[in-house]
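> Chains B and C are the protein sequences, given in the same order. Residue numbers are given in the working numbering: position 170 of the first sequence equals residue 170, and the series is strictly consecutive. Position in the second sequence (from 1) plus 190 gives the number in the working numbering. For each residue, glycine too, the CB sits at the ideal point set by N, CA and C. None of the values given here were measured: they were computed from a predicted structure.
Protein chains: 2
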Amino acid sequence: MDVESIVFPHFEQYIRLSPELKHELANRIHLRTFEKGELVHNADTICVRSYFIRKGLLRTYFLKDDKEISEYFSSENQWVNSPRSFIKQKLDIYYIDALEKTEAFSLHVQDLVYLFDNFPEMERYARLSMGTNSGFMIERIFSLRFTTAKEKYEHFLETYQHIHHRIPLGMIASYLGISQETLSRIRAEK
Amino acid sequence: MDVESIVFPHFEQYIRLSPELKHELANRIHLRTFEKGELVHNADTICVRSYFIRKGLLRTYFLKDDKEISEYFSSENQWVNSPRSFIKQKLDIYYIDALEKTEAFSLHVQDLVYLFDNFPEMERYARLSMGTNSGFMIERIFSLRFTTAKEKYEHFLETYQHIHHRIPLGMIASYLGISQETLSRIRAEK
DNA sequence: GTAATTTTTTGATATAGGTCAAAATTTATG
DNA sequence: CATAAATTTTGACCTATATCAAAAAATTAC
Numbered sequence: 001m002d003v004e005s006i007v008f009p010h011f012e013q014y015i016r017l018s019p020e021l022k023h024e025l026a027n028r029i030h031l032r033t034f035e036k037g038e039l040v041h042n043a044d045t046i047c048v049r050s051y052f053i054r055k056g057l058l059r060t061y062f063l064k065d066d067k068e069i070s071e072y073f074s075s076e077n078q079w080v081n082s083p084r085s086f087i088k089q090k091l092d093i094y095y096i097d098a099l100e101k102t103e104a105f106s107l108h109v110q111d112l113v114y115l116f117d118n119f120p121e122m123e124r125y126a127r128l129s130m131g132t133n134s135g136f137m138i139e140r141i142f143s144l145r146f147t148t149a150k151e152k153y154e155h156f157l158e159t160y161q162h163i164h165h166r167i168p169l170g171m172i173a174s175y176l177g178i179s180q181e182t183l184s185r186i187r188a189e190k
Numbered sequence: 191m192d193v194e195s196i197v198f199p200h201f202e203q204y205i206r207l208s209p210e211l212k213h214e215l216a217n218r219i220h221l222r223t224f225e226k227g228e229l230v231h232n233a234d235t236i237c238v239r240s241y242f243i244r245k246g247l248l249r250t251y252f253l254k255d256d257k258e259i260s261e262y263f264s265s266e267n268q269w270v271n272s273p274r275s276f277i278k279q280k281l282d283i284y285y286i287d288a289l290e291k292t293e294a295f296s297l298h299v300q301d302l303v304y305l306f307d308n309f310p311e312m313e314r315y316a317r318l319s320m321g322t323n324s325g326f327m328i329e330r331i332f333s334l335r336f337t338t339a340k341e342k343y344e345h346f347l348e349t350y351q352h353i354h355h356r357i358p359l360g361m362i363a364s365y366l367g368i369s370q371e372t373l374s375r376i377r378a379e380k
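#1: At 7 angstroms on the CB atoms, spell out the chain B contacts of C:E313, in chain order.
#2: Considering C:L281, what are the terminal residues of the alpha helix (DSSP H) in which it resides?
#3: How would you write the range of the alpha helix (DSSP H) that C:E258 sits in, first residue to last?
#4: Can you name, in chain order, every residue of its own chain whose Cβ lies under 7 angstroms from the Cβ of B:H164, other than the five neighbours on each side?
#5: How many Å lie between C:V238 and C:Q279 at the Cα?
#6: Do we get a CB-CB distance below 8 angstroms when we pair B:G170 with the residues of chain C?
#7: Along the alpha helix (DSSP H) that carries C:R206, what are the first and last residues, could you check?
#8: For C:H231, which beta-bridge partners are listed by DSSP?
#9: Residues of chain B with a CB under 8 angstroms from the CB of C:L334: which are they?
#10: Do B:F146 and C:G367 count as a contact pair if the criterion is CB distance below 8 angstroms?
#11: Counting along the chain, where does the alpha helix (DSSP H) carrying C:K340 start and finish?
#12: Taking the continuous beta strand (DSSP E) assigned at C:S272, which residues delimit it?
#13: Under 8 angstroms between C-beta atoms, does C:I383 make it to chain B?
#14: How would you list, in chain order, the residues of chain C whose beta-carbon sits under 9 angstroms from the beta-carbon of B:P83?
#15: What does C:I286 reach in chain B if we use C-beta pairs closer than 9 angstroms?
#16: Just reading off the beta strand (DSSP E) that C:F252 is part of, what are its end residues?
#17: If we cut at 8 angstroms on Cβ distances, does B:K64 have a partner in chain C?
#18: So which residues on chain C does B:I87 lean against when the C-beta distance must stay under 9 angstroms?
#19: Can you give the Cα-Cα distance for B:F200 and C:E290, rounded to whole angstroms?
#20: Tell me whether C:D389 is buried or exposed, calling it buried when 16 or more other Cβ atoms sit within 10 Å of its Cβ.
#21: Whether or not the region 36-44 of chain B and the region 80-87 of chain B are in contact is what I'm after, with contact meaning three or more pairs of Cβ atoms, one per stretch, closer than 8 angstroms; do they touch?
#22: Alpha carbons only, please: which of B:L57, B:D65, B:E68, B:K64 is nearest the one belonging to B:W79?
#23: Taking the beta strand (DSSP E) that C:R222 belongs to, which residues open and close that run?
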């Protein structure tokens, strides 16, 4: 299985992986497949696994007035989980489902805790990669506060350069916090 | 100086502080005072210090069409810096100024790097405290996407429970991404 | 491959909140 | 304290985008 060729390079963007750590990672990460439409995580449960996507597309969403609101989308070479649920091991509002058939490497929270406890460089990895993530959130906050619906959509196209065409319009609209009618009109005018 | 009674308890919310680490922290953290209106960080420079506020109120803002837009406010027992500038050691858009006379403990980025390199528990501290922070950003993103101006203001009042009355209206409006006229009307109607 | 379902588009209308301008109030300064 | 400067409030008006409804198009299922 290609933990070595897919997951290791991701870590190595942030830290050096010792042979021991590689060994532990390889033993603890397991490939899993989700069919299109399958639920990867249910908000009824505490999130105990984090998935690193090898191929496919996942959506993190929540329910608001019985409607599905997309929180964000994740694709190849990204970790996905229900953040506050996974970190705090408590319930949270997010569901995750597969917009495409998806293959992902799965890491259990207990294994991650073991790795944090025994490999300080994993703490560093987490700190640094969270920094990358915070950067995205800062940008998103900016985009939500000060831009028109059209600019929000353009920002989305940039942020999701590689995958925007794989995501249905309605889901993009809820991600941006605009109505799908407005988004449809924005698209039409180009 | 009361690094011991102010800063240590903050760290101890997340990690145990060894005597050695306490010693290093105490040696590297220095108290500094800013007068009301004083610039704590200038966007023209790379941010090399992080400040832990002992007393006072700081504002992080940026310029947009020559207007000051408040990004967030920070008060007692919080770290403040220009996040992306401090972490990546490159220029970013944020200025920080003092809305009140402020006393803050200052930690240089080089000292922090030393601490990260020699005390793995500091990496853990950073990881965990960033998690807390991400939680706030997730909430803010929700609030910006799906709520009316009034609800945004109410969310602000919750988030800044202790300090909202110390922040001028115009700065709150730009923080929320609404016009100050609208905010003034919202306040009037209560 | 046709029917059923879901998603997207188009049209008409309503409204929250923006902008501009000026008055009122508060805060800062000599 | 008095005057200047900054901030907040109020009013009039306008526009971007929401909502509701229905048609069109695309996708899914039998």
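So, from the data block:
#1: As a first step, residue 313 of chain C must be located in the second sequence, where it is residue number 123. Near C:E313 (Cβ distances below 7 angstroms), the residues of chain B are P120, E123, R124, R127.
#2: Position 91 of the second sequence, counting from 1, holds the residue named residue 281 of chain C. C:L281 -> no alpha helix (DSSP H), and no H or E assigned at all.
#3: Position 68 of the second sequence, counted from the first residue, corresponds to residue 258 of chain C. Not the alpha helix (DSSP H): C:E258 falls in the beta strand (DSSP E), residues 257-265.
#4: Translated into the one-based positions of the first sequence, residue 164 of chain B becomes position 164. The residues are F156, L157.
#5: The count along the second sequence starts at 1 and reaches residue 238 of chain C at position 48. The count along the second sequence starts at 1 and reaches residue 279 of chain C at position 89. In a straight line, the C-alpha of C:V238 is about 7 angstroms away from that of C:Q279.
#6: Numbered from its first residue, the first sequence carries residue 170 of chain B at position 170. Answer no: the Cβ-Cβ gap between B:G170 and chain C never drops below 8 angstroms.
#7: To locate residue 206 of chain C, count along the second sequence from 1; it is residue 16. Per DSSP, C:R206 belongs to no alpha helix (DSSP H) and is neither H nor E.
#8: Residue mapping note: residue 231 of chain C aligns to position 41 of the second sequence, counting from 1. Note: C:H231 sits in a beta bridge opposite C:I286.
#9: As a working note, residue 334 of chain C is residue 144 in the second sequence. I141, L144, R145, G177, listed in chain order.
#10: Position 177 of the second sequence holds residue 367 of chain C. Position 146 of the first sequence holds residue 146 of chain B. It is a contact, given that the beta carbons lie within the stated cut-off.
#11: Translated into the one-based positions of the second sequence, residue 340 of chain C becomes position 150. Counting along the chain, the alpha helix (DSSP H) containing C:K340 begins and ends at 339-349.
#12: For the purposes of this step, residue 272 of chain C is taken as residue 82 along the second sequence, with counting starting at 1. Here C:S272 belongs to no beta strand (DSSP E), and DSSP marks it neither H nor E.
#13: Nothing can be reported for residue 383 of chain C: it is not among the residues displayed for chain C, which extend from 191 to 380.
#14: Walking along the first sequence from the start, residue 83 of chain B turns up at place 83. The contacting residues are G321, S324, G325, I328.
#15: Reading the second sequence from its first residue, position 96 is the one you call residue 286 of chain C. Those within 9 angstroms of C:I286 in chain B number zero; the least Cβ separation is about 15 angstroms.
#16: For the purposes of this step, residue 252 of chain C is taken as residue 62 along the second sequence, with counting starting at 1. 247-254 is the span of the beta strand (DSSP E), which, as asked, contains C:F252.
#17: As a first step, residue 64 of chain B must be located in the first sequence, where it is residue number 64. Output row for B:K64: interface = yes.
#18: Start at 1 with the first residue of the first sequence, and residue 87 of chain B comes out as number 87. Within 9 angstroms Cβ-Cβ: L318, G321, S324, G325.
#19: With chain B represented from 1 up to 190, any question about residue 200 of chain B goes unanswered, as that position is not in the structure.
#20: Residue 389 of chain C lies beyond the residue range present for chain C, which begins at 191 and ends at 380; the question has no answer from this structure.
#21: yes
#22: Position 79 of the first sequence, counted from the first residue, corresponds to residue 79 of chain B. Measuring from the Cα of B:W79, the nearest candidate turns out to be B:L57.
#23: Here residue 222 of chain C corresponds to residue number 32 of the second sequence, with the count starting at 1. Note, C:R222: beta strand (DSSP E), 220-224.
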